[in-house]
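Novice: Line by line, the protein sequences give chains A and B.
According to the working numbering, the first sequence is numbered sequentially starting from -10.
According to the working numbering, the second sequence is numbered sequentially starting from 1408.
For each residue, glycine too, the CB sits at the ideal point set by N, CA and C.
Values in this document were obtained by computation on a predicted structure and should not be read as measured data.
Here's a structure for you.
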Amino acid sequence: MAITVPRPSLNWRERMYLPAIIAGLAITIKHFKNMLFGRTKVTMQYPEQKWDSSLPDHYRGAPALVRDAEGRVRCVACQLCEFICPPRAIKIIPGEIPSADRFSKVEKYPQEFDIDMIRCIFCGMCEEVCPEQAIFLRKDYAITGFTRADMVHHKEKLLEIGGVMHGVVLKWNEKK
Amino acid sequence: MNSFLIVTSLLKIVAILFLVILPMVSYAVYAERRVSAFIQDRLGPNRVGLAGLLQPIADMFKLLLKEDFTPRNVNTFYYWLAPCLAVMPAIITIAVVPFGSTLLGVPMVIADVNVGILFVFAIASLGVYGIVIGGWASNSKYPFLGGVRSSSQMISYELSLGLAVIPIFLLVGNLRLTSVVRYQIENGWFIAPFMGDWLNPWKWLLTIPMVVSFMVFAIAIFAETNRLPFDLPEAEQELAGGYNTEYSSMKFALFFLGEYAAMITGSAVMVTLFFGGWHLPLPSWHHGFHWMLVDGSVPGWPGVIGGLFNIATFFAKVAVLIFIFMWVRWTLPRFRYDQLMRLGWLFFFEIALVNIFLVAAILAYFPK
């Protein structure tokens, strides 16, 4: 069934357009003036101003490897994050820790640990799955590069972003 | 023809074109972007240079360096001709507009022809050929529709544009634009006759048809320069950019330049006809209150400063009108095509026609 939309009958003042036009012009000039005198709140001017200081602790930025309080890379190259990673951004080549080493009972360490930041979706599953609390999502979000190769974070870069994480799990330390 | 006239004319042409019109066009684009942003609670271009003031220069380089692509099925000759035709009339028109009094004894008008306003209309209406030819030569349906719309719009608004200025020439009795300015210096601006015997109620009675005339003229100029609310030839939302859809690079930029140059010329003509041209009286209390005329007729430095002051006044008035153009553009939505035609033929044409008779009637009883 067709519905007839009733057309409003305009009075002569409305049909003249002019009052409406002047009202519209008044509204726009009000916005113009407020902006000119800085009374309008505008968006953050990004490169100069940043949200960084007010990012929440649970912010999911770039994933990074951390060291423990003794400066040891926490990652034991178990490759769980590599398997769980939905976009398969992580590539780990494990290496063996020589038996003479102080941490020889750890057995494995990551020889290479690459995260392809073009693929990474910042989901945080690597952090969730890690049994060693070795990988965390940090607050870095402006990941840029000129080539695809630039966008791959190698182990050094990941450790640099990650820094040191104190006193979370200390199971590989010598028994006291 | 003496050499002095030729040299001064050339100097005036170069100065007005390269020092005033072209910078004004590029900064009008910048102003448009800033004004629109401010009206919409944004900031607009503010990155290149201080407050984004170098943005027009960056834009110019971008447009110059872009690929100048000519589609395969266009009519090449007309396709190349159209952008030139779009920009040329707007710039030529400025030749007859007096943009200042005198500077070192040289009148500040490039060509003071005695058919002034007729010349303006004759040349300014050529601007539509750029759009029509561009739309047709593109060999594409949306540009074609844009071109057709432009021509019908021009015909409907040219009439009221021409009729709206007749009251002025009933008063002045001369088509020369410098005489219009001279008349306004003696008798006050047409929309506010505060000069001369300003207490005469007949003069104030005359301002009523003058304001009507100004409104009709201004709205017709909006339609003539394809500005919103009458930008149907462009109509991005329905015609994908209209007549300039197939153009790229500097050819597109010429259309763009032409639109803004037409806006500046339209404002300049409006200033000359209704707002006293370069005339801005300063109040003086020397020997009782009176309006002091500043112009370049005084010898020496005061004259030079006066002449420069007049030129600055003229372009300041033009800038204010350009701001109003932009203000209107970012306020009003586009008219529908039938509304535009109805407005042109059934309202403005009649209003302008009645207005002429009104002025004639007032003039007939105007006590000398």
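In terms of alpha-carbon separation, which member of Pro1505/B, Thr1415/B, Leu1511/B lies closest to Gly1710/B?
Specialist: In the second sequence, residue 1710/B corresponds to position 303, counting from 1. The candidate whose alpha carbon is nearest that of Gly1710/B is Leu1511/B.
Novice: Runs of 4 residues minimum, wholly inside the stretch 1713 to 1766 of chain B: which ones carry the alpha helix (DSSP H) assignment?
Specialist: Correct list: 1744 to 1749.
Novice: With 9 Å as the threshold, decide whether the Cβ of Gln34/A is near any Cβ in chain B.
Specialist: On the first sequence, position 45 is the one that residue 34/A refers to. Yes, Gln34/A counts as interfacial toward chain B.
Novice: Check whether the stretch 1730 to 1740 of chain B and the stretch 1437 to 1455 of chain B are in contact - that is, three or more C-beta pairs closer than 8 Å.
Specialist: As far as the Cβ criterion goes, the stretch 1730 to 1740 of chain B touches the stretch 1437 to 1455 of chain B, which means the pair count is three or higher.
Novice: When you compare the CB of Thr(-7)/A with every CB in chain B, is at least one pair closer than 9 Å?
Specialist: Locating residue -7/A in the first sequence gives position 4, counting from the first residue. Taking Cβ atoms only, chain B never reaches closer than 9 Å to Thr(-7)/A, which makes this a no.
Novice: Name the residues in the stretch 1723 to 1750 of chain B whose C-beta lies less than 8 Å from a C-beta of chain A; which are they?
Specialist: So the close ones are Trp1734, Val1735, Trp1737, Thr1738, Leu1739.
Novice: Looking only at C-alpha atoms, which of Val1678/B, Thr1738/B, Ala1493/B, Pro1463/B sits nearest to Thr1720/B?
Specialist: For the purposes of this step, residue 1720/B is taken as the residue at position 313 of the second sequence. Comparing Cα-Cα distances from Thr1720/B to each of Val1678/B, Thr1738/B, Ala1493/B, Pro1463/B, the minimum goes to Val1678/B.
Novice: What does the alpha-carbon distance come out to for the pair Gly1683/B and Gln38/A?
Specialist: Here residue 1683/B refers to the residue found at position 276 when the second sequence is read from its first residue. Here residue 38/A refers to the residue found at position 49 when the first sequence is read from its first residue. Computed Cα separation, rounded: 48 Å.
Novice: Applying the criterion that 16 or more other CB atoms from any shown protein chain within 10 Å of the CB defines a buried residue, is Lys1610/B buried or exposed?
Specialist: For the purposes of this step, residue 1610/B is identified with residue 203 of the second sequence, where counting begins at 1. Lys1610/B should be labelled buried.
Novice: Quick check on Val1623/B: does DSSP put it in helix, strand or coil?
Specialist: In the second sequence, counting from the first residue as 1, residue 1623/B sits at position 216. It is helical.
Novice: Please classify Asn1717/B as buried or exposed, where buried requires at least 16 neighbouring CB atoms within 10 angstroms.
Specialist: Locating residue 1717/B in the second sequence gives position 310, counting from the first residue. Its Cβ being crowded by 16 or more others within 10 Å, Asn1717/B is buried.
Novice: Expressed to the nearest angstrom, what Euclidean distance is found between the alpha-carbon atoms of Cys115/A and Ala1444/B?
Specialist: Start at 1 with the first residue of the first sequence, and residue 115/A comes out as number 126. Start at 1 with the first residue of the second sequence, and residue 1444/B comes out as number 37. Cys115/A and Ala1444/B: Cα-Cα distance of roughly 43 Å.
Novice: By how many angstroms is the C-alpha of Glu1653/B removed from the C-alpha of Phe1476/B?
Specialist: The residue given as residue 1476/B occupies position 69 in the second sequence. The residue given as residue 1653/B occupies position 246 in the second sequence. Those two C-alpha atoms are separated by around 9 Å.
Novice: Give me the residue from Gln1746/B, Ile1758/B, Trp1685/B, Ile1769/B with the minimum Cα distance to Met1515/B.
Specialist: Working through the second sequence from its first residue, we reach residue 1515/B at position 108. The shortest Cα separation from Met1515/B among Gln1746/B, Ile1758/B, Trp1685/B, Ile1769/B belongs to Trp1685/B.
Novice: Count the other C-beta atoms from every protein chain shown that fall within 10 angstroms of the C-beta of Pro45/A, then say buried if there are 16 or more, exposed otherwise.
Specialist: Indexing the first sequence from 1 puts residue 45/A at position 56. Per the 10 Å Cβ criterion, exposed.
Novice: Going by beta-carbon coordinates alone, are Ala1544/B and Phe1662/B separated by less than 9 Å?
Specialist: Numbered from its first residue, the second sequence carries residue 1544/B at position 137. Numbered from its first residue, the second sequence carries residue 1662/B at position 255. No. Outside cutoff.
Novice: List the residues of chain B that Met24/A touches, going by C-beta distances under 7 Å, in chain order.
Specialist: Locating residue 24/A in the first sequence gives position 35, where the first residue counts as 1. Correct list: Phe1445, Asp1448.
Novice: Could you list which residues in chain B have their beta carbon closer than 7 Å to that of Thr29/A, in chain order?
Specialist: As a working note, residue 29/A is residue 40 in the first sequence. Residues of chain B passing the Cβ test: Asp1448.
Novice: Less than 8 Å between the CB atoms is what I'm expecting for Gly84/A and Gln100/A, so what's the real figure, rounded?
Specialist: For this step, residue 84/A is matched to residue 95 along the first sequence. For this step, residue 100/A is matched to residue 111 along the first sequence. That pair is a contact at about 4 Å.
Novice: Is the beta carbon of Phe1551/B closer than 9 Å to that of Asn1680/B?
Specialist: Within the second sequence, numbered from 1, the residue matching residue 1680/B stands at position 273. Within the second sequence, numbered from 1, the residue matching residue 1551/B stands at position 144. Before going further, note that residue 1680/B is Leu rather than Asn in the sequence given. Result no, Cβ atoms of Leu1680/B and Phe1551/B do not sit closer than 9 Å.
Novice: Taking all protein chains shown into account, decide if Pro1636/B is buried (16 or more other Cβ within 10 angstroms of its Cβ) or exposed.
Specialist: Numbered from 1 along the second sequence, position 229 holds the residue referred to as residue 1636/B. It counts as buried.
Novice: DSSP state of Pro1574/B, grouped into three classes?
Specialist: Sequence index remark: in the second sequence, residue 1574/B carries index 167 (1-based). In the structure shown, Pro1574/B sits in a helix (DSSP, three-state: H, G or I).
Novice: Where does the unbroken beta strand (DSSP E) through Met106/A begin, and where does it stop?
Specialist: Numbered from its first residue, the first sequence carries residue 106/A at position 117. Met106/A -> no beta strand (DSSP E), and no H or E assigned at all.
Novice: Is there at least one Cβ from chain B nearer than 9 Å to Leu(-1)/A's Cβ?
Specialist: To locate residue -1/A, count along the first sequence from 1; it is residue 10. No, its Cβ sits nowhere closer than 9 Å to a Cβ of chain B.
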